[in-house]
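In what follows, a single structure is set out as structure tokens and then discussed.
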Amino acid sequence: MDVEGTPVFRFAPGPSGPLHLGHTRAISLNAEYRDVYNGKLILRIEDTNPNAIDESAYDLIPKEMEWLDAKPDEIFIQSDRLDIYYNDIKTLLAAGHAYVTSTPAEEWRDLKRNSKSDKYRDLSPKEHLDAFERLLMKGSGIVVIKTDLEDPNPALRDFVAFRVVEDKHPRQGSNHRLWPTYNFAVSIDDYRLGITHVLRGKDHLNNTERQKWIYKYMGWKEPHFIHYGLVSMPDTLLKTSEIKQKISEGVYEGWADCQLATVQALARRGFKSKAIRKFWIAGGIKEVDITFSWPNLESVNKSLIDSKSKRLFFVPNPIQFSFETPSEIQKTAPFHPDIPEWGVRSETISSNSHIYLSKDDISSLTSGDIIRLKNLCNVTFHDDKLNYHSIDNIKGTPIFQWVSDKNMNLSLHYPNGKKDIGLVEDYAIKHIQETVQFERLGFVTLSDSKVNLTAFYLHK
RNA sequence: GCUCCUGUAGUGUAGUCCGGCCCAUCAUUCUGGCUUCUCGAGCCAGGGACUCGGGUUCGAAUCCCGACGGGAGCACCA
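Note that our numbering has the first sequence beginning at 35, numbered continuously upward.
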């Protein structure tokens, strides 16, 4: 990357709701470059469309960035900066680089499609400045940046800089009716905030070309524009508006519902911000479009948490067995197979104890089979009881996790919406909010729930 | 339709600028084997790609041309 001095990066979302997986790429990449080059990362909230704003996003976005280890160095909110935009457009109007028109939208678009000039386009700067002042107060119309009407790319011919939105703005109330559009506000801010590197998705390629017109007219030096390819995320709902809709319909319990790919949900399931960061960095910033892969992300996460997660037994769909043994037996199960310092989960099992096994595990067993209760002993399986068989491992014996009466109810929620009800060792209560591994099942994050224990499935 | 971007295994990625060290890297997935107190774990092995067709060259994933494929934009959204 081309860097001189202190590079300044930015993340510039619209405040339509909490952040999701899709946002994390821009955040991770920008934050990584900030860190590596000792630069700055600016968060700029782009709230210039009064009717696409979720007020909670103003607080949530900085918090979620912080969770992602991407705490912004500075935060700007575009709706606080309208005077700046007004000033700059006046400069452009005065220089004849922009115009005000009241031509109806459809008609105006048609003219552009045919490379034709709007009838107001060539009025004098004075007349446009007056029209602009009027538009601030009343009337209808738009302010347009002149480009090249003959541009072969129809997307690049004259673009809107301001339009009238009468709706009340959550932060600014009804003080303003003339709002800048994305392309205008972005150009002005990227320059005035000293952004040196604009790192964003390829979908902005045309926007970049539009924004360059403003830099050119203002005589400003352009930042480095870098575009990375688009990511398609199959089976992952990332449209904020749609998520919001489904939450209100009760399809999801909220933004942190573990079926969602919001930052909140990922965090609650136990994804590490570092894993997300590493994943996107490994992806790089090429302009090729890519397909997102959960297994790849999960693998990164797993390598990060494996040696930090305690092991516990969880028995989904438990079946109760009585247990018969000539003498008491000691369960000695390490909290982690490779970390003896963490100690063991131990308890004494006698003939008074019940043992619970998962229905899924025993479905293929027949009476008389020998199985091993992990970290305890071998038993002979009968329809409703287990008889002590021997203590040492027997080659080829299936090994199952189990719980005794020292258990707690737990419901395990999967990202696909399914739920397992089962029993977990009571050690679980000491590890609320932690990510642990349910042996033979996968990593989960334990969550406090007033009624009974809940866990969210992370990955294998 | 117009314009722009892009094309290495199922997925992601290295190599492409400055042609030979690439019968193409790493990770993940998949398959097989081994292992036994996670067989939904661990270990090992294997399969799997330069989109296609021309050209330049002693030599091309790398350069040129064409075709085809994928994506985006053409909003008074961001």
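Using N, Cα and C, we set each Cβ at its ideal position, and we do this for glycine too.
Among Pro52, Val70, Ile118, Gln364, which has the Cα closest to the Cα of Ala86?
What you label residue 86 is simply residue 52 of the first sequence in a count that begins at 1. Of the candidates Pro52, Val70, Ile118, Gln364, the one whose C-alpha sits nearest the C-alpha of Ala86 is Pro52.
Under three-state DSSP, which class holds Met442?
Counted from its first residue, the first sequence places residue 442 at position 408. In the structure shown, Met442 sits in a strand (DSSP, three-state: E or B).
Within the same chain, show all residues whose beta-carbon is closer than 8 Å to that of Pro188, passing over the 5 residues directly before and after it, in chain order.
Translated into the one-based positions of the first sequence, residue 188 becomes position 154. The residues are Lys146, Arg147.
Give, in chain order, every unbroken run of the alpha helix (DSSP H) that is at least 4 residues long and sits entirely within the region 231-309.
239-252, 274-283, 297-303
Please identify the residue among Lys273, Cys411, Lys440, Ile339 whose C-alpha is closest to the C-alpha of Ile428.
Here the question's residue 428 lines up with position 394 in the first sequence. For Ile428, the nearest C-alpha among the options comes from Cys411.
With DSSP run on the structure shown, which of helix, strand or coil describes Ser327?
Residue 327 sits at position 293 when you count from the first residue of the first sequence. If DSSP states are grouped into helix, strand and coil, Ser327 belongs with coil.
Measure the alpha-carbon distance for Ala128 versus Tyr249 and round it to whole angstroms.
Residue mapping note: residue 128 aligns to position 94 of the first sequence, counting from 1. Residue mapping note: residue 249 aligns to position 215 of the first sequence, counting from 1. Each residue's Cα considered, the two are about 16 Å apart.
In whole angstroms, give me the CA-to-CA distance for Arg302 and Lys105.
Numbered from its first residue, the first sequence carries residue 302 at position 268. Numbered from its first residue, the first sequence carries residue 105 at position 71. One C-alpha to the other measures close to 19 Å.
Would you kindly report the start and end of the unbroken beta strand (DSSP E) that includes Arg406?
Stepping through the first sequence from its first residue, residue 406 is reached at position 372. Unbroken beta strand (DSSP E) run through Arg406: 404-407.
Mind checking Asn386: buried by the 16 CB within 10 Å criterion, or exposed?
Here residue 386 refers to the residue found at position 352 of the first sequence. Burial call: exposed.
DSSP bridge partner residues for Pro368 (one or two, in chain order)
The residue given as residue 368 occupies position 334 in the first sequence. Pro368 is bridged to Val378.
Counting pairs of Cβ atoms below 8 Å between the region 47-64 and the region 306-317, do you hit three or more?
yes
Nearest to Gln206 by CA position, among Asp122, Ala290, Lys124, Asn83, is which residue?
Along the first sequence, one-based indexing puts residue 206 at 172. It is Asn83 whose Cα lies nearest to the Cα of Gln206.
Own chain, CB closer than 7 Å to Ser113, minus 5 neighbours either side, in chain order:
Working through the first sequence from its first residue, we reach residue 113 at position 79. The answer, listed in chain order, is Asp81, Thr82, His203, Arg205, Gln206.
Per-residue burial, Gly430 [other beta carbons within 10 Å of its own, 16 or more giving buried]:
What you label residue 430 is simply residue 396 of the first sequence in a count that begins at 1. With fewer than 16 other Cβ atoms within 10 Å, it is exposed.
Measure the C-alpha to C-alpha separation of Asp164 and Ser158 and round it to an integer number of angstroms.
For the purposes of this step, residue 164 is identified with residue 130 of the first sequence, where counting begins at 1. For the purposes of this step, residue 158 is identified with residue 124 of the first sequence, where counting begins at 1. Their Cα atoms are separated by approximately 10 Å.
Which residue wins for smallest C-alpha separation from Ser392, given the options Asp418, Lys344, Glu375?
The residue given as residue 392 occupies position 358 in the first sequence. Comparing Cα-Cα distances from Ser392 to each of Asp418, Lys344, Glu375, the minimum goes to Asp418.
Can you give the Cα-Cα distance for Thr135 and Glu89, rounded to whole angstroms?
What you label residue 135 is simply residue 101 of the first sequence in a count that begins at 1. What you label residue 89 is simply residue 55 of the first sequence in a count that begins at 1. Going by the C-alpha atoms only, they are around 32 Å apart.
Can you look up Lys180 in the DSSP assignment and give me helix, strand or coil?
Taking the first residue of the first sequence as 1, we reach residue 180 at position 146. Looking at Lys180 - three-state DSSP - the assignment turns out to be coil, as it is neither helix nor strand.
Checking 7 Å against the spacing of the C-beta atoms, do Phe355 and Asp395 come in under that value?
Numbered from its first residue, the first sequence carries residue 355 at position 321. Numbered from its first residue, the first sequence carries residue 395 at position 361. No, Cβ-Cβ distance for Phe355 and Asp395 is not below 7 Å.
Three or more C-beta pairs below 8 Å linking the region 43-52 and the region 270-281
yes
Whole angstroms is fine: what's the gap from Glu141's alpha carbon to Ser151's?
Taking the first residue of the first sequence as position 1, residue 141 is located at position 107. Taking the first residue of the first sequence as position 1, residue 151 is located at position 117. Between Glu141 and Ser151, the C-alpha separation is close to 11 Å.
In its own chain, which residues sit with a C-beta less than 7 Å from the C-beta of Asp237, not counting the 5 before and 5 after it?
On the first sequence, residue 237 is found 203 positions in, with the first residue counted as 1. Cβ neighbours of Asp237 beyond the five flanking positions: Leu264.
Measuring CB to CB, does Val232 end up less than 7 Å from Phe259?
The count along the first sequence starts at 1 and reaches residue 232 at position 198. The count along the first sequence starts at 1 and reaches residue 259 at position 225. Result yes, Cβ atoms of Val232 and Phe259 sit closer than 7 Å.
Taking the alpha carbon of Thr270 as the point to measure from, which residue in Ala295, Glu459, His423 has its own alpha carbon closest?
Locating residue 270 in the first sequence gives position 236, where the first residue counts as 1. Here the closest residue by C-alpha is Ala295.
Using the beta-carbon count (16 or more within 10 Å), is Asp454 buried or exposed?
Taking the first sequence and counting its residues from 1, one reaches residue 454 at position 420. Asp454 is buried by the Cβ-count criterion.
Beta-ladder partner(s) of Ala132, from DSSP
For the purposes of this step, residue 132 is identified with residue 98 of the first sequence, where counting begins at 1. DSSP, once it has assigned bridges, lists Ile179 as partnering Ala132.
Do the CB positions of Thr181 and Arg191 come within less than 7 Å of each other?
By one-based count along the first sequence, residue 181 stands at place 147. By one-based count along the first sequence, residue 191 stands at place 157. Yes, the pair counts as a contact, with Cβ atoms nearer than the cut-off.
Do the CB positions of His210 and Leu346 come within less than 7 Å of each other?
Position 176 of the first sequence, counting from 1, holds the residue named residue 210. Position 312 of the first sequence, counting from 1, holds the residue named residue 346. For His210 and Leu346, no; Cβs fall outside 7 Å.
Quick one: is Ile76 buried, meaning 16 or more other Cβ sit within 10 Å of its Cβ, or exposed?
Within the first sequence, residue 76 is the residue found at index 42, counting from 1. Buried, since its Cβ has 16 or more Cβ neighbours within 10 Å.
Buried versus exposed call for Thr325 [16 or more other C-beta atoms within 10 Å across all chains shown]:
Numbered from 1 along the first sequence, position 291 holds the residue referred to as residue 325. Exposed is the call here.
Check the DSSP bridge columns for Arg311 and list the partner residues they point to.
Walking along the first sequence from the start, residue 311 turns up at place 277. According to DSSP, which records beta bridges pairwise, Arg311 is partnered with nothing at all.
Measure from the alpha carbon of Pro268 to the alpha carbon of each residue in Ser307, Trp328, Glu283, then state which is nearest.
As a first step, residue 268 must be located in the first sequence, where it is residue number 234. Checking every option, the nearest Cα to that of Pro268 belongs to Trp328.
Starting from Ser481, follow its DSSP beta bridges and name the residues at the other end.
Residue numbering aside, residue 481 sits at position 447 when the first sequence is read from its first letter. Per DSSP, Thr488.
Would the region 483-493 and the region 444-464 be scored as touching if the rule is three or more Cβ pairs under 8 Å?
yes
Which partner residues of Ala207 appear in the DSSP bridge assignment?
If you number the first sequence from 1, residue 207 lands on position 173. For clarity, residue 207 is Gly in the given sequence; the question names Ala instead. Answer is His203, bridged to Gly207.
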